Ligand SMILES: [Zn+2]
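Residue numbers (the working numbering): 13 to 411.
Written out as structure tokens, the structure reads:
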């Protein structure tokens, strides 16, 4: 599990006071690291956050005063900011702002997944407010209901159910578009009635643009995050840890008023800088819970179709991800793609499978091959199997 996914689990283990303190720290860190244009009302917001922070500590173990609170947000491990600092928590390995006050990749992720007041924050707050209005429009959030800690399952369920209401074909096309094209021109969006109706796409977040331009991650196509450096340069990187590590990291420098990108990682090809004007993008949560998990599904589909197999994506609503057959052969595969190693999730899926556990084929990405033994223990005693994408492609090729 990545450090960020582990953090989401760790947040669920916090008590109510620790969660309230975390909320306050996240919103304050977002406010501190926002650009000047978003700074209106910043001091008031910071003071509100400190108020909530102090209340979460109680009287026996008083919280630090305002100035110390702000100083500690820089460079402190998340666990060390909370009352009764949780021990051996994944939150002990993450920080919200680095020593220079730059936002970490954990900050936005925790804001989306785990904070109650993050819709108030500058930057990512606009994405979160958009998600809330979308969930309200499809009947998943009642007016005035608590907006906190929306799970990935809730968001997927709401979005897919709303798309299915437009018919099966619109559902498949809409879901595929959200995976393949997490950024669209307004003109492209207007040609897709189901997606327009759903209202999933919104303005490109101020946190993922600079100087009126944005650039797409070469791996997922979504808008990379912009981090302003003190020397006037801007760093762009994918919000996905793995994409960033694999090379979706660039530095933008202004040369005679013209921005140029230079690679900071392994990937030498440099993405194009595109005007923000005329484009819309998925908000963070939909990229995290629809685009990212779908990438391997559509890529597998493409690879198998190129080999002559027939593939249906997301058949029967959402029972599983791909139905694979080979013309002239009696074999078929019911494939459920899992993008992270989760033995508990496999067992859950087996219990829910409408056709029983038999023959479901769980596919994990090749980089998780090391987890196969533990995942296989999760399906022991059933007919279900666990393999990697490479294994599946080889198996279909041999059929
Ligand atoms: Zn990416």
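We treat Cβ as the ideally placed atom computed from N, Cα and C, and that holds for glycine. Predicted model, so just to flag it, every value in this text is computed and none were measured.
| query | result |
| --- | --- |
| Please indicate yes or no: does the CB of residue 477 lie closer than 8 Å to some heavy atom of ligand 1? | This structure gives no information on residue 477, because the portion of the chain shown stretches from 13 to 411. |
| Any idea what DSSP makes of residue 341, helix, strand or coil? | coil |
| What does the alpha-carbon distance come out to for the pair residue 494 and residue 101? | Absent from the model: residue 494. The displayed extent of the chain is 13 to 411, so no value can be given. |
| For residue 30, I'd like the list of residues in its chain whose CB is within less than 8 Å of its CB, leaving aside the five on either flank, ordered along the chain. | 68, 94, 95, 96, 98 |
| What are the partner residues of residue 86, as DSSP defines its beta bridges? | 109 |
| For residue 379, is the beta carbon positioned less than 8 Å from some heavy atom of ligand 1? | no |
| Mapping the DSSP letters down to three states, classify residue 275 as helix, strand or coil. | strand |
| For a cutoff of 9 Å on Cβ pairs, would you count residue 125 as touching chain E? | No chain E appears in the structure shown, which is made up of a single protein chain. |
| Is the beta carbon of residue 195 less than 9 Å from the beta carbon of residue 298? | no |
| Can you name the residues that DSSP bridges to residue 293? | 195, 214 |
| Specify which residues have a beta carbon nearer than 6 Å to any heavy atom of ligand 1, listing them in chain order. | 229, 231, 232, 234, 250, 252, 255, 260 |
| Of the residues 59, 18, 357, which one's Cα is nearest the Cα of residue 133? | 59 |
| Quick check on the burial criterion: 16 or more other C-beta atoms within 10 angstroms. Buried or exposed for residue 256? | buried |
| Around the C-beta of residue 304, are 16 or more other C-beta atoms found within 10 angstroms, so that it is buried, or is it exposed? | buried |
| If we count Cβ pairs, one from each stretch, closer than 8 Å, do we get three or more for the stretch 134-145 versus the stretch 209-229? | yes |
| With distances taken from CA atoms, which of 223, 116, 228, 279 is nearest residue 269? | 223 |
| Once you ignore the five residues that flank residue 200 on each side, which residues in its own chain have a CB closer than 8 Å to its CB? | 193 |
| At the level of alpha carbons, what is the spacing between residue 109 and residue 45? | 8 Å |
| Apart from the five residues on each side of it in sequence, which residues of its chain come closer than 6 Å, Cβ to Cβ, to residue 57? | 43 |
| Kindly indicate which three-state DSSP category residue 100 falls into: helix, strand or coil? | coil |
| I need the straight-line Cα distance from residue 159 to residue 169, nearest angstrom please. | Caution applies to residue 159, whose pLDDT of 49 falls short of 50 and renders its modelled position unreliable; the model cannot decide the point. |
| Based on DSSP bridge pairs, tell me the residues matched to residue 139. | Paired residues: none, contrary to the question. |
| Considering only the alpha carbon of each residue, which of 147, 344, 392 lies closest to residue 165? | 147 |
| Find out if the Cβ-Cβ distance for the pair residue 245, residue 263 is shorter than 9 Å. | yes |
| Opposite residue 237 in the DSSP bridges: which residues? | 249 |
| Closest to residue 332 by C-alpha separation, out of 92, 229, 323, would be which residue? | 323 |
| Would you check if there are 3 or more beta carbon pairs closer than 8 Å linking the stretch 399-408 to the stretch 334-349? | yes |
| What are the boundary residues of the beta strand (DSSP E) that residue 373 is part of? | 372-376 |
| With 16 other CB atoms within 10 Å as the buried threshold, where does residue 328 fall? | exposed |
| Give the secondary structure of residue 129 by DSSP, where H, G and I count as helix, E and B as strand, and everything else as coil. | coil |
| Between which residues of its own chain and residue 310 is the CB-CB distance below 8 Å, once the five residues before and five after are set aside? | 188, 191, 192, 325 |
| DSSP three-state call for residue 65: helix, strand or coil? | helix |
| Pull up the distance between the alpha-carbon of residue 24 and that of residue 167, whole angstroms please. | 18 Å |
| With a 10 Å radius around its C-beta and 16 neighbouring C-beta atoms as the bar for buried, classify residue 251 as buried or exposed. | buried |
| Please report the residue range of the alpha helix (DSSP H) in which residue 38 lies. | 28-44 |
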